Amino acid sequence: MAKDEKSAEPAPAKGGKKKLIMIAAIALVVLVGGGVGGYLMLKPKKAEAEPAPTPGVVSVLDAITINLADGHYLKLKMTEAPDGSEALDIAIDEYSGRKMDQLMSNAERERTKKELIAKVVKAYTKDGKKEIMDIYFTTFVIQ
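Residues in the sequence shown are numbered consecutively from 24, following our numbering.
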């Protein structure tokens, strides 16, 4: 009977270590997945790029006549937005000391226009926001 008692005992479980490894692997996958999911959900969103400025209302400014340094005159008319009084003042300051020869070539005219644009954009930039994107000469008569 002694042999019968020994054989009646259940055999030791052979898959004990395999079950433990399987449970640990599943727990590890759940923890890693939860960590990655939590990171992706809670991470700060990237700052969106500032949208490109959209053109607004374009105002046509009255023509002005400017005395040049050598006795000639420049009639200037331009468009811009919003209020043009400061831009007109900047244009008068920019061109009143110039001679007619300085404004005759296209290259020189473009260079002085770029200088004028830089000054106008600087004057119309409030709190880092540009109110003026560009200016366009609609009349440019030298006499």
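Don't be surprised by glycine CBs; every beta carbon is placed ideally from N, CA and C. Since this is a predicted model, take the numbers as computed values, not measurements.
### Task
Report, in whole angstroms, the separation of the C-beta atoms of Leu126 and Arg134, which I expect to be a contact under 8 Å.
In fact, because the Cβ distance is near 10 Å, the residues do not count as touching under 8 Å.
### Task
Just the C-alpha distance for Thr161 and Leu97, rounded to the nearest angstrom, thanks.
13 Å
### Message
Report the start-end ranges of each alpha helix (DSSP H) in the segment 90-124 that is 4 residues or longer and not cut off at the edges.
### Response
108-118
### Query
Do the segment 87-97 and the segment 47-64 meet, that is, are 3 or more Cβ pairs less than 8 Å apart?
no
### Query
What is the rounded straight-line gap between the Cα of Ala48 and the Cα of Lys149?
59 Å
### Task
To the nearest angstrom, report how far apart Gly151 and Asp124 are at their CA atoms.
37 Å
### Query
Smallest Cα separation from Thr88: which of Thr102, Val144, Leu111?
Leu111
### Query
Candidates Leu54, Lys142, Leu84: which alpha carbon is nearest Glu117's?
Lys142
### Ile165 - containing beta strand (DSSP E), residue span
159-165
### Query
When we look at the beta-carbon of Met101 and count the other beta-carbons within 10 Å, is it buried (16 or more) or exposed?
buried
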